[in-house]
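Q:
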Amino acid sequence: MVGSAIHRNLIGMGHENILTADRSALNLLDQRAVTEFFQCNSIDQVYLAAAKVGGIYANNTYPAEFIYENLVVQTNVIHAAHRSGVQELLFLGSSCIYPKAVVQPMREDALLTGVLEATNEPYAVAKIAGIKLCESYNRQYGRDYRSVMPTNLYGPNDNFHPKNSHVVPALLRRFHEAVQNNSREITIWGSGKPMREFLHVDDMAAACIYVMELPIDSFQAITEPMLSHVNVGTGQDCTIGELAEVVAAVTGFKGKLIFDSSKPDGTMRKLLDVSRLEKLGWSAKIKLEAGIRDSYQWYIENVLTARS
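First residue of the sequence shown: 30, per the numbering used here; consecutive thereafter.
1) Do Y174 and L118 have their C-beta atoms closer together than 7 Å?
2) Reducing DSSP to helix, strand and coil, say where H3 ends up.
3) Cβ atoms of I96 and P179: under 7 Å apart, would you say?
4) Give the DSSP-derived three-state secondary structure of Y183 in the structure shown.
5) Does DSSP classify D173 as helix, strand or coil?
6) Going by DSSP, which residues form a beta bridge with L228?
7) Which first and last residues belong to the alpha helix (DSSP H) in which K308 is found?
8) Quick check: the Cα distance between V1 and L256, rounded to an integer number of angstroms?
9) So E117 is in the alpha helix (DSSP H); what residue range does that whole segment cover?
10) Are the segment 227 to 241 and the segment 183 to 193 in contact at 8 Å, needing three or more beta carbon pairs?
11) Could you compute how far the alpha carbon of S312 sits from the alpha carbon of E318?
12) So, at 7 Å on beta carbons, what are the nonlocal neighbours of P128 in its own chain, with the 5 sequence-adjacent residues on each side left out?
13) Under a three-way DSSP split, which group does D138 fall into?
14) Take I251 and list the residues in its own chain whose beta-carbon comes closer than 7 Å to its own, dropping the five residues that flank it on each side.
15) Which residue marks the beginning of the beta strand (DSSP E) containing I329, and which one marks its end?
16) Quick check: the Cα distance between P191 and I245, rounded to an integer number of angstroms?
17) If I'm right that I287 touches I217 with Cβ under 8 Å, what's the distance once you round it to whole angstroms?
18) Does the distance from the C-beta atom of N99 to that of A130 stay below 7 Å?
19) Excluding the 5 residues flanking E330 on each side, which residues of the same chain have their C-beta closer than 7 Å to its C-beta?
20) Go through its chain and collect everything with a Cβ distance to L201's Cβ below 8 Å, but skip five positions before and after it.
Take a look at the structure:
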């Protein structure tokens, strides 16, 4: 989802020499294949958006895959980029890197100050390692490897799998199916009280390109060598219950919402402090309801059309 959005935005900005490789063309878990890919191509910049991702269910069910695959992908790509002389790289992490009990909104300097949320600890540990890997190559070899930590993302090319998707695509699919089946109620995982921040993937892509293109002096004036990552979000959050109401309005669902409090909520609030990004000169543009409508339209035109 993020990689395709970055590609789409770069094309829209007039960039032409863009090299991409999907899973069928390049297995990022294969160190030799990744090394050969970099050796066989002349690469100036790398956007490392590839990752194994999922919601609470997926993180709880596949913790070994989440930590192993993300660690291997990051290590293979970042090391191969360095060995091939790539000077500029942008690593995409996640807001789950921050401790479970942390002051809200979450500042960059909260990293490594407490215990992580248990439901996604393996994924978070991998992403923290990616940040430190980038910082270590910067310190030892003078590379310009930057890291951005997005909040919860949604939008075109999202994963709409019934079990392994994140909350926005999961709700869009379930609400759409409920409307089609004339259902009178929908049961939603958790109490509906946790608060989350949501960022449209096109905003995320724009932020990535903006941060990548910043002159190094401007970037280093705001960051620190061993605290160099930048939060990317909207600076605003809502409850899962409020999100469900937006999705209901977008999909036309008129029934009752039931929240199953026997299911885990995860962290009760996750809001990023985006003041560092704003000081760098960027802020989000796409409002939540408009973004949800765009995502729903993509789902109808691409996922549902592909099935029919």
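Cβ coordinates follow ideal geometry from the N, Cα and C atoms, glycine included.
A: With the given structure in hand:
1) yes
2) The requested residue 3 does not occur in the structure, where the chain is confined to residues 30 to 337.
3) no
4) strand
5) strand
6) L182
7) S304 to L309
8) There is simply no residue 1 to check, as the chain begins at 30 and stops at 337 in what is shown.
9) Note, E117: premise wrong, no alpha helix (DSSP H); beta strand (DSSP E) at E117 to L121.
10) yes
11) 17 Å
12) A139, T142, G143, V144 and L145
13) helix
14) R305, K308 and L309
15) Careful: I329 lies outside any beta strand (DSSP E) and carries neither H nor E.
16) 42 Å
17) 7 Å
18) no
19) none
20) F189, V276, V279, T280, I321, S324, Y325 and Y328
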